[in-house]
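A.B. asks: So that we are looking at the same thing, I have put the structure below in structure tokens.
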Amino acid sequence: MWLALIAALSFQVQLGRDYRVGDLALTTDVTIAAVDADGRPVADYAGRVRVDGIAGVDEVAVDGGKATLRGATLTADEVVVRAPDGATGRAAVRRVPGFLSLLPPLVAIALAIWLRQALVALFAGIWLGALFVHGFDPLAATLRAFDTYLPQQVADTGNAQILLFTLALGGMVGIISKTGGSKALVDLVARRASSRRSGMLSAAIAGIVVFFDDYANCLLVGNTVRPFTDSRRISREKLSFLVDATAAPVSTIALVSTWTGYQLGQLDHAGVDLGAGAYDFFLQMIPYSFYSLLTIAFVFMIAASQRDFGPMLAAERRAIREGLLVRPGGQPLADAELTDMAPPDGARLYWQHAALPIGFVIVCVVVGLYAVGVDLLGPDAEDASLREIVSAAGDDAFKVLLWASFGGSVVALASGLATRSISLYQGVDAWVQGAKSMMMACFILVLAWGIGDICKTHMQTGDWLMSVVSPGAHWMPMIVFVVSGLISFATGSSFSTMAIVIPIAAPMVWGVTHPGDVERVATMAAVLSGAVFGDHCSPISDTTIMASMASAADHIDHVRTQLPYALLCAAVAAAVGYLPAGFGISPVVSLPAGVAILAGVLYLVGRRADA
Numbered sequence: 004m005w006l007a008l009i010a011a012l013s014f015q016v017q018l019g020r021d022y023r024v025g026d027l028a029l030t031t032d033v034t035i036a037a038v039d040a041d042g043r044p045v046a047d048y049a050g051r052v053r054v055d056g057i058a059g060v061d062e063v064a065v066d067g068g069k070a071t072l073r074g075a076t077l078t079a080d081e082v083v084v085r086a087p088d089g090a091t092g093r094a095a096v097r098r099v100p101g102f103l104s105l106l107p108p109l110v111a112i113a114l115a116i117w118l119r120q121a122l123v124a125l126f127a128g129i130w131l132g133a134l135f136v137h138g139f140d141p142l143a144a145t146l147r148a149f150d151t152y153l154p155q156q157v158a159d160t161g162n163a164q165i166l167l168f169t170l171a172l173g174g175m176v177g178i179i180s181k182t183g184g185s186k187a188l189v190d191l192v193a194r195r196a197s198s199r200r201s202g203m204l205s206a207a208i209a210g211i212v213v214f215f216d217d218y219a220n221c222l223l224v225g226n227t228v229r230p231f232t233d234s235r236r237i238s239r240e241k242l243s244f245l246v247d248a249t250a251a252p253v254s255t256i257a258l259v260s261t262w263t264g265y266q267l268g269q270l271d272h273a274g275v276d277l278g279a280g281a282y283d284f285f286l287q288m289i290p291y292s293f294y295s296l297l298t299i300a301f302v303f304m305i306a307a308s309q310r311d312f313g314p315m316l317a318a319e320r321r322a323i324r325e326g327l328l329v330r331p332g333g334q335p336l337a338d339a340e341l342t343d344m345a346p347p348d349g350a351r352l353y354w355q356h357a358a359l360p361i362g363f364v365i366v367c368v369v370v371g372l373y374a375v376g377v378d379l380l381g382p383d384a385e386d387a388s389l390r391e392i393v394s395a396a397g398d399d400a401f402k403v404l405l406w407a408s409f410g411g412s413v414v415a416l417a418s419g420l421a422t423r424s425i426s427l428y429q430g431v432d433a434w435v436q437g438a439k440s441m442m443m444a445c446f447i448l449v450l451a452w453g454i455g456d457i458c459k460t461h462m463q464t465g466d467w468l469m470s471v472v473s474p475g476a477h478w479m480p481m482i483v484f485v486v487s488g489l490i491s492f493a494t495g496s497s498f499s500t501m502a503i504v505i506p507i508a509a510p511m512v513w514g515v516t517h518p519g520d521v522e523r524v525a526t527m528a529a530v531l532s533g534a535v536f537g538d539h540c541s542p543i544s545d546t547t548i549m550a551s552m553a554s555a556a557d558h559i560d561h562v563r564t565q566l567p568y569a570l571l572c573a574a575v576a577a578a579v580g581y582l583p584a585g586f587g588i589s590p591v592v593s594l595p596a597g598v599a600i601l602a603g604v605l606y607l608v609g610r611r612a613d614a
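The sequence shown runs 4 to 614 under this note's numbering.
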């Protein structure tokens with residue numbers, strides 16, 4: 004009887020993830036369970052079994068009929084288990100061709116541009132990624148997209164805080180509009196800045212001033228400046244470009260921002276000897292952040308010269324000649340209930356209704372970041388610099404944004420009630436309408452996070468792309484800039500790109516260079532700039548979406564009109580910045596040359612929309 008039981012015994016081998024992308028290493032959980040001939044668990048089985056196909060593991064002790072290996076690295080396309088008594092079990096590993104990992108983001112981007120419908124395009128990308136992950140089973144891909152990949156994004160605390168921050172800031176803007184604060188502030192600014200040029204310059208300067216966070220930058224600057232730019236017939240496409248181009252490019256090189264701590268953390272854990280502290284190394288990188296610096300310079304060139312080219316020129320001419328701020332048929336991410344919300348008839352307009360809540364948000368973010376940093380550092384805060392304190396806030400920066408946005412809503416409501424510009428009912432209703440206007444953007448954000456998670460976690464898009472690139476030292480800065488841009492474009496996330504590329508690129512360039520070589524600094528700066536470049540071009544980027552949302556622009560129109568400008572700045576950054584940097588040319592030479600080339604192209608190709 005016992006011999007018959009032994010003969011019938013076998014093992015079920017279950018893999019937490021049963022597929023490998025290209026030749027990338029597969030790390031997953033492995034569960035080994037003893038079962039009888041009918042597949043039922045044999046709970047009293049105990050013994051050691053031989054395991055083939057897992058790195059560093061030859062034998063595993065099975066106790067109580069089961070054994071689990073956490074974070075096992077598979078070395079073959081099959082895991083085989085053998086017991087001394089002859090019982091066996093195996094699990095096969097599917098191999099997904101590496102190039103398929105690029106298809107979900109590329110399909111989403113292509114559909115977004117073709118259909119001009121971001122929701123459909125983003126979901127198609129998620130579904131396609133799920134199709135590859137679940138063995139080309141369309142039903143499983145559909146079900147997992149709805150019950151796993153999308154809910155995971157909303158359940159993430161950081162993502163939920165961003166969504167609430169977005170809704171609360173929309174509600175605050177709704178109250179400001181209802182009290183007439185927006186109109187009063189615009190009228191005040193209009194007396195000092197009465198031209199299209201001054202309007203665009205005001206938007207650009209505001210983007211530089213709100214340097215401490217890219218999300219806050221997009222939503223604050225866009226919502227604040229939009230009424231004035233509308234009155235000067237500046238297209239929503241142009242406004243969204245001005246907002247987007249002074250958000251991430253500014254935050255990534257700011258001495259103190261919510262980006263600083265994250266970037267320093269990535270550098271500190273790059274697995275190489277920086278030769279100095281992470282912050283000192285970061286300071287050395289700033290002059291080599293060619294894309295960010297050239298983009299900021301290009302923004303002011305366009306605003307000052309009023310010249311444009313390509314789709315942006317057509318959008319500006321439409322706004323000036325026809326008064327159409329948005330393309331006919333376009334779908335602004337903030338609806339008309341917010342942008343057209345008017346104060347009650349006969350209400351006296353106070354610019355303070357806008358200035359107080361907006362000022363509160365800015366002060367609250369700055370003070371909040373400082374307070375959170377001090378709290379997290381504890382006793383070490385006494386000897387810490389301002390930069391170290393703000394950087395310590397890290398992921399808790401999202402909490403600060405929540406405090407600021409809801410606090411700003413309260414200040415906006417209190418301001419309106421104090422002057423009797425609105426009633427309590429009108430104020431609450433205005434907040435709800437303002438928050439509701441952000442729902443489309445929130446849906447797009449969730450979908451964008453979903454496809455980013457598919458690409459990074461499940462399809463390993465960035466890891467595979469880096470695995471097929473291995474340039475020499477002199478070419479490293481330019482190649483890494485391009486690859487980082489492609490990864491950021493495909494994933495829609497600057498932060499994910501940095502997390503993917505820095506641990507791979509740093510050992511590569513350190514291995515072929517010497518301490519003090521400029522290629523090291525230039526390559527790490529290329530990662531940051533490339534991440535921002537791809538982020539700017541990608542319709543699935545959260546900051547690009549927020550720029551469209553705060554500017555009340557059609558999202559695909561924003562991407563389509565911004566793309567030629569981003570590509571131009573990237574081409575100049577690569578050819579005049581990163582390529583020469585790999586051969587030792589100083590930014591003192593490269594940056595002025597890049598600015599001169601951008602100015603020349605704008606002068607030769609650009610035209611004034613009002614001409």
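Yeah, the Cβ is synthetic: ideal placement off N, Cα and C, and Gly gets one too.
Keep in mind the model is a prediction, meaning the values are calculated, not measured.
How about C221 and A553: are their beta carbons less than 8 Å apart?
C.D. replies: Contact: yes.
A.B. asks: In the structure shown, what three-state DSSP assignment does T516 receive?
C.D. replies: coil
A.B. asks: Go through its chain and collect everything with a Cβ distance to W513's Cβ below 8 Å, but skip five positions before and after it.
C.D. replies: V275, D276, R523
A.B. asks: Use the C-beta contact count for R614: other C-beta atoms within 10 angstroms, 16 or more gives buried, fewer gives exposed.
C.D. replies: As written in the sequence, residue 614 is Ala, which differs from the Arg given in the question. That one is exposed.
A.B. asks: Along the chain, where does the beta strand (DSSP E) containing E62 start, and where does it finish?
C.D. replies: 62-65
A.B. asks: Check for me: the beta strand (DSSP E) holding V52 runs from which residue to which?
C.D. replies: Per DSSP, V52 belongs to the beta strand (DSSP E) from 50-55.
A.B. asks: Are the beta-carbon atoms belonging to V84 and G92 less than 8 Å from one another?
C.D. replies: yes
A.B. asks: Please name the residue or residues paired with V38 in a DSSP beta bridge.
C.D. replies: S13, P44
A.B. asks: If I'm right that V364 touches G419 with Cβ under 8 Å, what's the distance once you round it to whole angstroms?
C.D. replies: The Cβ separation is near 16 Å, so there is no contact.
A.B. asks: Consult DSSP for Y352 and reduce its assignment to one of helix, strand or coil.
C.D. replies: For the record, residue 352 in the displayed sequence is Leu; it is not Tyr. Three-state result, L352: coil.
A.B. asks: Assuming contact is defined by CB atoms lying nearer than 8 Å, are V82 and V33 in contact in what I supplied?
C.D. replies: yes
A.B. asks: Please report the straight-line C-alpha distance between F484 and R147, rounded to a whole angstrom.
C.D. replies: Cα to Cα, F484 sits roughly 34 Å from R147.
A.B. asks: Output needed for H461: all residues of its chain with C-beta closer than 6 Å, excluding positions within five of it in sequence on either side, in chain order.
C.D. replies: V136
A.B. asks: Would you tell me roughly how many angstroms separate the C-alpha atoms of D150 and G326, rounded to the nearest one?
C.D. replies: 44 Å
A.B. asks: Could you tell me the distance, in whole angstroms, from the CA atom of P506 to the CA atom of V471?
C.D. replies: 15 Å
A.B. asks: Could you check the C-alpha separation between V63 and V16 for me, to the nearest Å?
C.D. replies: 13 Å
A.B. asks: Exposed or buried, what is Y428 when buried is set at 16 or more other beta-carbons lying within 10 Å of its beta-carbon?
C.D. replies: exposed
A.B. asks: So A433 packs on H356, CB below 8 Å; how close in whole Å?
C.D. replies: The pair is not a contact, with the Cβ atoms about 11 Å apart (cut-off 8 Å).
A.B. asks: Can you give me the start and stop residues for the alpha helix (DSSP H) that R523 sits inside?
C.D. replies: Start and end: 521-540.
A.B. asks: What do you reckon, are the CB atoms on A207 and A358 nearer than 8 Å?
C.D. replies: It is not a contact, given that the beta carbons lie outside the stated cut-off.
A.B. asks: Taking the C-alpha atoms as reference points, what is the distance between W262 and L131?
C.D. replies: Answer to the nearest angstrom: the Cα atoms are 31 Å apart.
A.B. asks: Are the Cβ atoms of V253 and I211 separated by less than 8 Å?
C.D. replies: In contact: V253 and I211 (Cβ atoms closer than 8 Å).
A.B. asks: Let me make sure I understand the geometry here. Which of G138, L594, T564 has the alpha-carbon closest to that of A578?
C.D. replies: L594
A.B. asks: Taking Cβ to Cβ, would you say A502 is nearer than 8 Å to T464?
C.D. replies: no
A.B. asks: Who are the Cβ neighbours of R98 in its own chain at under 6 Å, not counting the five residues just before and after it?
C.D. replies: R23
A.B. asks: Please report the distance separating the alpha-carbon of G225 from that of L242.
C.D. replies: 7 Å
A.B. asks: According to DSSP, is T255 part of a helix, a strand, or is it coil?
C.D. replies: coil
A.B. asks: Cβ of Y291 within 8 Å of Cβ of A584?
C.D. replies: In this structure, A584 lies closer than 8 Å to Y291 by Cβ.
A.B. asks: Once you ignore the five residues that flank A508 on each side, which residues in its own chain have a CB closer than 7 Å to its CB?
C.D. replies: V483, T526, V530
A.B. asks: Pick from T76, F14, D55, L77: whose alpha carbon is nearest that of A46?
C.D. replies: F14
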